[in-house]
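Take a look at the structure set out below.
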Amino acid sequence: MFLKIMRGIYKTFFLWKLILLFWLLNLAIAVLALFPYQKIFHDFFANRLAVELLRNQNVYMAYAEFYHYAEPLIHGFLFPLRIGGLLYPLLLVLLSGGILHYYFNYFNRERVKLRIFWSESVCFMWQMFKILLLYPFVLLAGFLISLIFILPLLFLIPSPAVEYHYFYFFITAMIIFGLVVLWCLLLLDITRLLVVKNKSRRILREFLSSFKIVIRRPLVWYAVYILMFALWVVSALIYWHIQDKISESGLFLILLHFVLLQFFILIQIGLRWARFGVLSEYLDEPEENSAELPGME
C-alpha cells in the first residue's frame, strides 16, 4: 500500500505543469472574486492606523483591524465570493478528465502537453458534468444510510443520561457519518477514474462498477484516503508552524505570509490530485517493463 501511495504521489509530482495550471486557475478566480474589494483594500492601507499596525504590531493585529474596518462593506460584496467559491470546485471536476488521462498513460511514456490536457478535458467534460450531477444525490443517499445506523444508537443511551453519554453518542455518530460520506466520495472518485480509463460514456454503468471495486477491499480504500488526509494534515501543521514563527510585522513579512500561503495551496492541490494517482495504481497496474519513469517536456 505504501509503495502504491508513493508511486501515486510520484506520478503527480511529474504532472507539475497541470498542478501549476490548477494553482493559477485558483489564484485567478480568487483575484476576480476579490476585485470588487480593491477600493476597500486601497482605503484601508492608505489609512495611517493601518500603516502603524503593519510597521509596529503583529501581523494578526492588522488582519483584525482590517476586518473591523471592512466588515460593513464586505457584506455588500458576498455574491462574488460565493460565485468564486463554487466556480473552482466545479472546474476541478469538469477539467479532471485531462489530468486523469495522464494517470493511466503515464507509464506509456506519454509526455505531459497542455494541448492534450485540454483536448482530453473537453472530451470527457460531458461525462464529468453528469458525474457532478450525481454528487448531491449520492451524498444525500449516504446521509440517509448513515441515519439508519445512527438512530438506533439513541435507544442505547441510558435514562437518565449524563453529559458523557451524549458525548460518546455524538462521537460515534460522527464517525459513522464520516465513514459513509467517505464511502460515497470513493464511489464518485473511482467512477471518474473508470470513465477515463474505459473511455466510457455510460456513467451509471461505471458507477455500479465502482461499487464492486470498493466492496472488494474496502479497508484498503479507506486506508488510502485516511493516509492521504494525514499527509494533508501534516502539511497544514508544517505551514502553520512556519508562519507562526514569523512574529514580526511589516510589508515584506506580509508578502512572505502570502508566498507561504500560496506554496501551501500548491501542495494541497497536488495532494488532492495525488489521491487519484494512488487509486489509479490499484485500477491499472503498470507493465513490468515500465520501471523507468518518464520525464516531461
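Take the sequence shown: its letters are residues 186 to 482, numbered as in this note's numbering. Glycine included, C-beta positions come from ideal geometry on N, C-alpha and C. Since the structure is predicted, the reported quantities are computational estimates derived from the model, not experimental observations.
Asked	Found
Exposure label - E305; buried when at least 16 CB within 10 Å	buried
Residue closest to L324, alpha-carbon to alpha-carbon, out of W368, G283, L341, S281	W368
Three-state class that DSSP yields for V444 in the structure shown	helix
Pair within 7 Å by beta-carbon distance, W208 and I454	yes
Outcome for M186 when other beta-carbon atoms lying within 10 angstroms are tallied against a minimum of 16	exposed
CA-to-CA distance, M413 to Q447, given in whole angstroms	20 Å
The stretch 278 to 292 touching the stretch 457 to 468, judged by at least three CB pairs closer than 8 Å	yes
Range covered by the alpha helix (DSSP H) that runs through P321	310 to 335
Residue interval of the alpha helix (DSSP H) (run including S420)	403 to 430
P274 (DSSP reduced to helix, strand or coil)	helix
Host alpha helix (DSSP H) of M359 (start-end)	348 to 382
DSSP three-state assignment for F199, whether helix, strand or coil	coil
Simplified DSSP state of I342, which is helix, strand or coil	coil
Where V297 falls: helix, strand or coil (DSSP)	coil
Counted within 10 angstroms of its Cβ, other Cβ atoms place K196 as buried (16 or more) or exposed	buried
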